[in-house]
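Same order as they appear, the protein sequences are chains A and B.
If you read the first sequence in our numbering, its first letter stands for residue 1, the second for the next number, and so on.
If you read the second sequence in our numbering, its first letter stands for residue 1, the second for the next number, and so on.
Down below is the structure, laid out as structure tokens.
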Amino acid sequence: MNIFRLTGDLSHLAAIIILLLKIWKSRSCAGISGKSQILFAIVFTARYLDLLTSFISVYNTSMKVIYIGCAYATVYLIYAKFRATYDGNHDSFRVEFLVVPVGGLAVLINHTFSPLEILWTFSIYLESVAILPQLFMISKTGEAETITTHYLFCLGMYRTLYLFNWVWRFYFEGFFDMIAIVAGLVQTVLYCDFFYLYVTKVLKGKKLSLPA
Amino acid sequence: QDLEEQHDEL
Chain A
1 MNIFRLTGDL SHLAAIIILL LKIWKSRSCA GISGKSQILF AIVFTARYLD
51 LLTSFISVYN TSMKVIYIGC AYATVYLIYA KFRATYDGNH DSFRVEFLVV
101 PVGGLAVLIN HTFSPLEILW TFSIYLESVA ILPQLFMISK TGEAETITTH
151 YLFCLGMYRT LYLFNWVWRF YFEGFFDMIA IVAGLVQTVL YCDFFYLYVT
201 KVLKGKKLSL PA
Chain B
1 QDLEEQHDEL
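Here it is, written out as structure tokens:
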């Protein structure tokens with residue numbers, strides 16, 4: 001464990017909790033892509049199946065359980081409890097265009113051709129693009145609530161910090177995982193445009209709105 | 001590395 005990984009995990013946790021609280025406090029999931037949240041729930045489920053097969057640490061196990069629990073709670077809030085506020089018309093990204101190629105890629109390029117390993121690889125690839133429905137929704141409506149941008153910023157920071165973690169682990173432990181690194185790079189690049197808007201607008205107290 | 005890798009990251 002190094003500082004980048006720990007802050008990355010905490011940033012990830014902060015993102016998840018910010019989103020849950022935003023929906024819970026405002027009793028509304030307006031502006032949130034339910035599709036992205038379903039994809040994240042699939043990502044955690046596919047990746048953390050190793051909860052059943054291997055134990056790494058109390059920290060590792062508890063974070064996995066919290067991530068999975070929060071992901072399903074978020075999906076429940078969007079599609080059941082506050083369904084009336086869900087903006088389905090603007091959440092029109094075709095997720096099959098992500099899930100199908102990503103599934104194929106996981107079968108073709110993985111570390112070991114075994115069910116658990118393929119599911120892990122699938123989750124890594126899927127996570128890298130799971131935010132696209134959310135970004136698509138924002139580009140479609142042209143705006144995002146400030147709290148939603150804080151969520152996206154924490155989520156983007158998480159994988160960015162993991163990139164530093166991988167550099168660290170390569171130098172000090174000789175460890176590198178090409179699949180995680182390439183997917184992590186893709187994931188981080190997808191946030192670059194958003195990071196720019198976050199710094200130039202949201203941090204200066206303006207609402208994030210895109211030019212028409 | 002082990003054939004059946006252990007993924008220790010989240």
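Backbone N, C-alpha and C define an ideal beta-carbon position, used for all residues, glycine too.
Computed from a predicted structure; not experimentally measured.
Across the segment 58-78 of chain A and the segment 131-147 of chain A, are there enough close Cβ pairs to call them in contact, namely three or more that are closer than 8 angstroms? no
Would you say I1(A) reaches chain B, if we count a Cβ-Cβ gap shorter than 7 angstroms as a contact? Counting from one through the first sequence, the residue named residue 1(A) turns up at place 1. Note that residue 1(A) is Met in the sequence shown, not Ile. Not closer than 7 angstroms to any Cβ of chain B, the Cβ of M1(A) fails to qualify, so no.
Suppose you measure from the CA of I56(A) to the CA of D9(A); what does that come to, to the nearest Å? Working through the first sequence from its first residue, we reach residue 56(A) at position 56. Working through the first sequence from its first residue, we reach residue 9(A) at position 9. Cα-Cα distance, rounded: 16 angstroms.
Name the residue from S33(A), S123(A), G184(A), F4(A) whose alpha carbon lies nearest to the alpha carbon of V100(A). For this step, residue 100(A) is matched to residue 100 along the first sequence. Comparing Cα positions, the closest option is S123(A).
Buried or exposed (CB count within 10 angstroms, at least 16 for buried), V95(A): Here residue 95(A) refers to the residue found at position 95 when the first sequence is read from its first residue. V95(A) counts as buried, since no fewer than 16 other beta carbons sit within 10 angstroms of its beta carbon.
Would you check if the segment 74-83 of chain A and the segment 19-33 of chain A touch, i.e. whether three or more CB-CB distances between them fall below 8 angstroms? With the cut-off at 8 angstroms, the segment 19-33 of chain A and the segment 74-83 of chain A touch.
Grab me the residues of E143(A)'s own chain with a C-beta within less than 6 angstroms of its C-beta, minus the 5 sequence neighbours each way, in chain order. The count along the first sequence starts at 1 and reaches residue 143(A) at position 143. Exclusion of the five residues before and after E143(A) leaves S209 as the residues of its chain whose Cβ lies within less than 6 angstroms of its Cβ.
Whole-angstrom Cβ separation of L116(A) and L49(A), contact assumed at under 8 angstroms? Here the question's residue 116(A) lines up with position 116 in the first sequence. Here the question's residue 49(A) lines up with position 49 in the first sequence. Confirmed, Cβ separation roughly 6 angstroms.
Go to K140(A), then tell me how far its alpha helix (DSSP H) extends in each direction, as first and last residue. Counting from one through the first sequence, the residue named residue 140(A) turns up at place 140. Its alpha helix (DSSP H) spans residues 132-141.
Below 7 angstroms between beta carbons is the criterion; list the residues of the segment 134-159 of chain A that meet it against any residue of chain B, in chain order. Legend: CB atoms of the segment 134-159 of chain A lying less than 7 angstroms from CB atoms of chain B are not found in any residue.
Could you check the C-alpha separation between S92(A) and Y171(A) for me, to the nearest Å? Working through the first sequence from its first residue, we reach residue 92(A) at position 92. Working through the first sequence from its first residue, we reach residue 171(A) at position 171. Each residue's alpha carbon lies about 43 angstroms from the other.
Collapsed DSSP secondary structure at L208(A) in the structure displayed: As a first step, residue 208(A) is located in the first sequence; it is residue number 208 there, counting from the start. Residue state, collapsed to three classes: strand.
Look up A144(A) in the DSSP assignment and say whether it is helix, strand or coil. Locating residue 144(A) in the first sequence gives position 144, counting from the first residue. Strand, per DSSP.
At a cut of 8 angstroms, does the segment 154-173 of chain A reach the segment 188-201 of chain A through at least three beta carbon pairs? yes
CB contact flag (I179(A), T112(A), <7 angstroms): By 1-based counting over the first sequence, the position of residue 179(A) is 179. By 1-based counting over the first sequence, the position of residue 112(A) is 112. No, the Cβ-Cβ distance between I179(A) and T112(A) is not below 7 angstroms.
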